[in-house]
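**Q**
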Amino acid sequence: MPLVTMRQLLDEASKGGYGVGAFNVNNLEQVQAIMMAASETNSPVIIQASSGARKYANDRFLYHLMLAATEVYPDIPVALHQDHGNGPATCKSAIDLGFTSVMMDGSLEEDGKTPADFEYNVRVTREVVEMAHEVGVTVEGELGTLGGIEDGHGSGEVSLTDPDQAVEFVERTGVDALAVAIGTSHGAYKFTKEPDREVLAMNIIEEINQKLPNTHLVMHGSSSVPKELVDIINEYGGEIRPTWGVPVHEIQEGIKHGVRKINVDTDLRLAATGAIRKAFNEDPGAFDPRFYLKPAREAMKEVVKARMEAFGQAGHAGDYEPLTLEEMAERYKKEGHQLTTG
Ligand SMILES: [Zn+2]
């Protein structure tokens with residue numbers, strides 16, 4: 059199956075009333091774990107790479123790993139997404155490379171750290187939408203900023219998304235999907251106790267969804283940081299402080315209110331680290347990388363499978379034929395950048 063665009067994947071999710079996990083990759087084992095999970099649960103999937111990942115793995119390696127995923131698993135629709143593009147140039151390089159979706163994060167300036175003003179955000183996002191839609195590629199924008207730092211990206215400050223401003227942003231930019239800030243943050247240390255609806259500002263999602271019922275909403279920083287994964291790391295010599303992530307039932311609540319893409323990265327990192335620590339603890343003399351990477355891959359796969367089932371994407375891989383980028387470009391031309399779900 060050719061790659062699908064994220065727009066089509068999210069339109070289908072919207073029709074089916076489910077959410078789709080977007081999992082970050084840096085290397086072979088992560089790509090494999092995600093695809094094994096998608097195959098075992100028959101799920102469409104978004105694989106995403108941050109600029110940090112593209113640097114770490116080298117663009118070409120990463121892109122071809124992702125492409126290999128679609129060859130090995132021809133029945134699974136896969137969208138390749140640039141996570142947190144810091145400017146039009148980064149987004150363009152992802153599009154040139156073959157990504158079917160890009161995020162232009164204009165909530166921060168190009169340094170990926172300084173909170174940007176609204177007009178800057180509209181301008182750079184609009185620029186990317188014009189460039190991307192021309193060739194059928196999907197665009198995710200972000201309004202408001204998350205806490206935490208991810209791969210050196212993030213201001214560390216939280217500013218929640220304003221629902222009225224979200225309406226103006228979507229109208230002026232024509233984005234396909236909008237990342238909203240509701241108080242979550244990147245990384246493992248999101249909350250110091252289990253967050254409730256107030257802490258998570260779920261009302262913002264509900265309000266934006268009422269005002270923009272046809273916009274696909276995106277939750278970033280949405281790892282759940284399961285205690286059992288943290289416990290394995292600490293049991294085998296790790297030192298992760300007590301921490302809470304976004305509970306899966308809150309994500310499911312978001313899915314009822316228009317959340318279609320859920321970004322998960324930390325949970326896979328925790329699963330891999332725990333499995334590797336455990337493997338070395340059990341056999342300190344081992345030195346074949348496969349000895350510890352295989353259980354790491356298995357542990358990541360189990361987390362991804364659990365999320366795919368919880369988000370509702372499981373079972374939906376065979377629902378549709380992927381549109382080509384040319385077909386999507388045609389559609390955008392007809393729609394005149396209007397955001398309507400299928
Ligand atoms: Zn993010």
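Under the numbering used here, the first residue of the sequence shown carries the number 59, and numbering increases by one thereafter. The C-beta atom is built at its ideal place from N, Cα and C for all residues, glycine as well. Note that this is a predicted model, so its numbers are computed, not measured.
#1: From D175 to T203, what does the alpha carbon distance come to, in whole angstroms?
#2: Distance check for G199 and P253, CA to CA, integer angstroms please.
#3: What three-state label does DSSP hand D117 in the structure shown?
#4: Can you tell me where the alpha helix (DSSP H) with I153 in it begins and where it stops?
#5: Classify V342: buried if its beta carbon has 16 or more other beta carbons within 10 angstroms, exposed otherwise.
#6: What's the C-alpha gap between K251 and V306?
#7: If we ignore side chains and look at the alpha-carbon of each, how far apart do T399 and H274 end up?
#8: Considering only DSSP beta bridges, list what N82 is partnered with.
#9: Buried or exposed: L383, going by 16 or more other Cβ atoms within 10 Å of its Cβ?
#10: Take Y121 and list the residues in its own chain whose beta-carbon comes closer than 7 Å to its own, dropping the five residues that flank it on each side.
#11: Among residues of its own chain, excluding the 5 on either side of G143, which ones have a beta-carbon nearer than 8 Å to its beta-carbon?
#12: Does the pairing of the stretch 329-337 with the stretch 286-301 give three or more beta-carbon distances under 8 Å?
#13: Just checking my contact of R365 with G79 at CB under 8 Å: how many whole Å lie between their CB atoms?
#14: Which first and last residues belong to the beta strand (DSSP E) in which K53 is found?
#15: Verify the contact flag: N84, CB atom, against every heavy atom of ligand 1, threshold strictly below 7 Å.
#16: Can you look up T231 in the DSSP assignment and give me helix, strand or coil?
#17: For the alpha helix (DSSP H) holding G143, just list the boundary residues, first then last.
#18: Determine the direct distance from the alpha carbon of N272 to that of L397, and round the result to whole angstroms.
#19: Given this structure, state the Cα-to-Cα distance separating E388 from E256, to the nearest angstrom.
#20: Going by the C-beta, is G279 closer than 7 Å to any heavy atom of ligand 1?
#21: Check whether the Cβ atoms of E98 and K363 lie closer than 8 Å to each other.
#22: Check for me: the alpha helix (DSSP H) holding L381 runs from which residue to which?
#23: Could you check what DSSP says for V62 in three-state terms: helix, strand or coil?
#24: Whose CA, out of P300, T301, A259, F345, lies closest to the CA of G241?
**A** Here's the rundown:
#1: Start at 1 with the first residue of the sequence shown, and residue 175 comes out as number 117. Start at 1 with the first residue of the sequence shown, and residue 203 comes out as number 145. The straight-line gap from Cα to Cα measures roughly 11 Å.
#2: Looking up residue 253 in the sequence shown gives position 195. Looking up residue 199 in the sequence shown gives position 141. Their backbone Cα atoms lie some 25 Å apart in a straight line.
#3: Stepping through the sequence shown from its first residue, residue 117 is reached at position 59. D117: helix per DSSP, three-state reduction.
#4: As a working mapping, residue 153 is identified with position 95 in the sequence shown. Segment 146-155, the alpha helix (DSSP H) holding I153.
#5: Locating residue 342 in the sequence shown gives position 284, where the first residue counts as 1. Checking the sequence shown, residue 342 turns out to be Pro, not Val. The residue is exposed, with fewer than 16 neighbouring Cβ atoms inside 10 Å.
#6: Working through the sequence shown from its first residue, we reach residue 251 at position 193. Working through the sequence shown from its first residue, we reach residue 306 at position 248. Computed Cα separation, rounded: 15 Å.
#7: Against the sequence shown, residue 399 aligns to sequence position 341. Against the sequence shown, residue 274 aligns to sequence position 216. Annotation note: pLDDT 44 at T399 (below 50); position unreliable, no value reported.
#8: For the purposes of this step, residue 82 is identified with residue 24 of the sequence shown, where counting begins at 1. Its beta-bridge partners are Q106.
#9: As a position in the sequence shown, residue 383 is number 325, starting the count at 1. With 16 or more Cβ atoms within 10 Å of its Cβ, L383 is classed as buried.
#10: Within the sequence shown, residue 121 is the residue found at index 63, counting from 1. Counting only Cβ-Cβ distances below 7 Å, and skipping sequence neighbours, we find L155, G156.
#11: Working through the sequence shown from its first residue, we reach residue 143 at position 85. The answer, listed in chain order, is S109, C149, A152, V160, M161, M162, D163, V186.
#12: yes
#13: Against the sequence shown, residue 365 aligns to sequence position 307. Against the sequence shown, residue 79 aligns to sequence position 21. The pair is a contact, with the Cβ atoms about 5 Å apart (cut-off 8 Å).
#14: Since the displayed the chain opens at 59 and closes at 400, residue 53 lies outside it and no answer follows.
#15: Walking along the sequence shown from the start, residue 84 turns up at place 26. False, no ligand heavy atom lies under 7 Å from that Cβ.
#16: Position 173 of the sequence shown, counted from the first residue, corresponds to residue 231. If DSSP states are grouped into helix, strand and coil, T231 belongs with the helices.
#17: On the sequence shown, residue 143 is found 85 positions in, with the first residue counted as 1. Looking at the DSSP string, G143 is not in any alpha helix (DSSP H); the run it does join, the beta strand (DSSP E), is 136-143.
#18: In the sequence shown, the residue the question calls residue 397 occupies position 339. In the sequence shown, the residue the question calls residue 272 occupies position 214. For L397, the predicted model reports a pLDDT of 48, less than 50, meaning its position is unreliable; a value from the coordinates is still stated below. Straight-line Cα distance between these residues: approximately 7 Å.
#19: As a working note, residue 388 is residue 330 in the sequence shown. As a working note, residue 256 is residue 198 in the sequence shown. Taking the straight line from one Cα to the other gives about 42 Å.
#20: In the sequence shown, counting from the first residue as 1, residue 279 sits at position 221. Correct: G279 has its Cβ closer than 7 Å to ligand 1.
#21: Numbered from its first residue, the sequence shown carries residue 98 at position 40. Numbered from its first residue, the sequence shown carries residue 363 at position 305. At a Cβ-Cβ threshold of 8 Å, E98 and K363 count as neighbours.
#22: By 1-based counting over the sequence shown, the position of residue 381 is 323. Looking at the DSSP string, L381 is not in any alpha helix (DSSP H), and its letter there is neither H nor E.
#23: The residue you call residue 62 lines up with position 4 of the sequence shown. Three-state DSSP puts V62 in coil, outside helix and strand.
#24: As a working note, residue 241 is residue 183 in the sequence shown. Answer by Cα proximity: A259.
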